[in-house]
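*Asks:* One structure is given below, represented as structure tokens, and several questions about it will come after.
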Amino acid sequence: NAGVTQTPKFQVLKTGQSMTLQCAQDMNHEYMSWYRQDPGMGLRLIHYSVGAGITDQGEVPNGYNVSRSTTEDFPLRLLSAAPSQTSVYFCASRSLGLLNHYEQYFGPGTRLTVT
Amino acid sequence: AQKVTQAQTEISVVEKEDVTLDCVYETRDTTYYLFWYKQPPSGELVFLIRRNSFDEQNEISGRYSWNFQKSTSSFNFTITASQVVDSAVYFCALSEARNNNDMRFGAGTRLTVKP
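Top line first, the protein sequences correspond to chains B and S.
Under the numbering used here, the first residue of the first sequence is numbered 452, with each subsequent residue one higher.
Under the numbering used here, the first residue of the second sequence is numbered 62, with each subsequent residue one higher.
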């Protein structure tokens with residue numbers, strides 16, 4: 452049981468480049484989410500999904516796209532990277548079942564630098 | 062919208078000292094959930110505890126204890142007899158029942174325990 456996995460661990464982009472951060476979970480969780488972590492600001496929710504084919508915006512969605520074609524995968528796309536998107540990105544998942552409704556499991560993070 | 066404030070940016074203690082990390086939250090929902098996560102230097106996020114708004118009992122887990130007080134909207138975290146391995150960034154977070162897809166994090170408190 453790998454939990455939540457993210458690739459790559461590190462990435463450097465030039466302004467204007469595009470890329471996709473990958474996230475996968477093997478716990479059959481319905482809910483998946485993406486956060487960014489910036490110094491002094493904690494974690495902020497970018498996008499989330501409550502199931503395949505269903506996505507919604509979080510607190511800071513601008514500049515990012517997501518899709519959810521399977522339960523397991525929830526990729527995050529940066530269409531035109533900007534220096535303001537330099538951050539550490541965390542993917543998380545949780546069950547929507549009653550007992551574990553609110554405990555999220557986080558991936559190891561992707562450190563992205565945009566120059 | 063919900064909000065979490067961790068006023069202590071950094072705390073430094075000497076091993077075996079007790080330390081309390083403060084967390085103050087704001088919400089208009091009557092049902093909500095509070096969390097603490099630990100982020101050690103390796104960077105992953107480790108779930109520590111979840112507390113429901115309707116359960117004000119304090120909780121103790123080994124050297125860790127949590128004090129939930131609805132009257133002051135606080136959910137403080139105390140480490141007794143701190144150890145070097147407790148050095149980490151600690152995040153408090155809040156999720157409202159009416160919008161449980163959006164978990165809000167505080168900015169985090171960096172705890173350094175010196176030997």
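Where a beta carbon is used, it is the ideal one built from N, C-alpha and C, also for glycine.
Please confirm if Arg-111 (chain S) has its CB atom under 8 angstroms from at least one CB of chain B.
*Replies:* By one-based count along the second sequence, residue 111 (chain S) stands at place 50. Yes, contact with chain B.
*Asks:* Find the nearest neighbour of Arg-112 (chain S) within the set S:Ile-140, S:Leu-172, S:Ser-143, S:Ser-134, judged by alpha-carbon distance.
*Replies:* As a working note, residue 112 (chain S) is residue 51 in the second sequence. Nearest C-alpha to Arg-112 (chain S): S:Ser-134.
*Asks:* Would Leu-472 (chain B) count as contacting chain S if we go by Cβ distances under 8 angstroms?
*Replies:* As a position in the first sequence, residue 472 (chain B) is number 21, starting the count at 1. So, not an interface residue.
*Asks:* Does the CB of Asp-163 (chain S) have a neighbour CB from chain B at under 8 angstroms?
*Replies:* Position 102 of the second sequence, counted from the start, is the residue given in the question as residue 163 (chain S). Yes, Asp-163 (chain S) lies at the interface with chain B (some Cβ there is under 8 angstroms from its Cβ).
*Asks:* Quick one: using the 10 Å Cβ neighbour count with 16 as the cut-off for buried, is Ser-73 (chain S) buried or exposed?
*Replies:* For this step, residue 73 (chain S) is matched to residue 12 along the second sequence. Ser-73 (chain S) is exposed by the Cβ-count criterion.
*Asks:* Can a CB atom of chain S be found closer than 8 angstroms to the CB of Gln-476 (chain B)?
*Replies:* Reading the first sequence from its first residue, position 25 is the one you call residue 476 (chain B). No, because no Cβ of chain S sits closer than 8 angstroms to the Cβ of Gln-476 (chain B).
*Asks:* Using a cut-off of 9 angstroms between C-beta atoms, extract the partners of Pro-512 (chain B) located in chain S.
*Replies:* In the first sequence, counting from the first residue as 1, residue 512 (chain B) sits at position 61. Simply none; closest approach about 12 angstroms.
*Asks:* For Ile-505 (chain B), collect the residues of the same chain with a Cβ closer than 8 angstroms to its Cβ; drop the 5 residues on either side in sequence, then sort them by chain order.
*Replies:* Within the first sequence, residue 505 (chain B) is the residue found at index 54, counting from 1. Result list for Ile-505 (chain B): Arg-519, in chain order.
*Asks:* Figure out for me which residue from S:Tyr-86, S:Asn-162, S:Glu-71, S:Thr-66 has the closest Cα to the Cα of Val-80 (chain S).
*Replies:* Walking along the second sequence from the start, residue 80 (chain S) turns up at place 19. That would be S:Glu-71, whose Cα lies nearest to the Cα of Val-80 (chain S).
*Asks:* Our contact map puts Cys-84 (chain S) next to Gly-167 (chain S) with C-beta atoms below 8 angstroms; I'd like the distance itself, whole angstroms only.
*Replies:* Numbered from 1 along the second sequence, position 23 holds the residue referred to as residue 84 (chain S). Numbered from 1 along the second sequence, position 106 holds the residue referred to as residue 167 (chain S). Contact flag correct, Cβ pair sits at about 6 angstroms.
*Asks:* In terms of alpha-carbon separation, which member of S:Asn-162, S:Gln-63, S:Lys-131, S:Asp-147 lies closest to Val-107 (chain S)?
*Replies:* Your numbering for residue 107 (chain S) matches position 46 in the second sequence. The shortest C-alpha separation from Val-107 (chain S) is found at S:Asp-147.
*Asks:* Report yes if the C-beta distance between Val-455 (chain B) and Phe-557 (chain B) is below 8 angstroms; otherwise report no.
*Replies:* Here residue 455 (chain B) corresponds to residue number 4 of the first sequence, with the count starting at 1. Here residue 557 (chain B) corresponds to residue number 106 of the first sequence, with the count starting at 1. Yes.
*Asks:* Given Lys-175 (chain S), which residues of its chain have a CB within under 8 angstroms of its CB, disregarding the five upstream and five downstream residues?
*Replies:* Within the second sequence, residue 175 (chain S) is the residue found at index 114, counting from 1. Correct list, in chain order: Ser-73, Val-74, Val-75, Glu-76, Val-145.
*Asks:* Rounding to the nearest angstrom, what Cα-Cα distance links Ala-503 (chain B) and Val-65 (chain S) in this structure?
*Replies:* As a position in the first sequence, residue 503 (chain B) is number 52, starting the count at 1. As a position in the second sequence, residue 65 (chain S) is number 4, starting the count at 1. Computed Cα separation, rounded: 30 angstroms.
*Asks:* Would you decide whether Arg-165 (chain S) is buried or exposed? Buried here means 16 or more other CB atoms lie within 10 Å of its CB.
*Replies:* The residue you call residue 165 (chain S) lines up with position 104 of the second sequence. So Arg-165 (chain S) ends up on the buried side.
*Asks:* Under the rule that 16 or more other beta-carbon atoms within 10 Å means buried, what is Ala-121 (chain S), buried or exposed?
*Replies:* Residue numbering aside, residue 121 (chain S) sits at position 60 when the second sequence is read from its first letter. A small fix is needed here, since residue 121 (chain S) is Ile in this sequence, not Ala. So Ile-121 (chain S) ends up on the exposed side.
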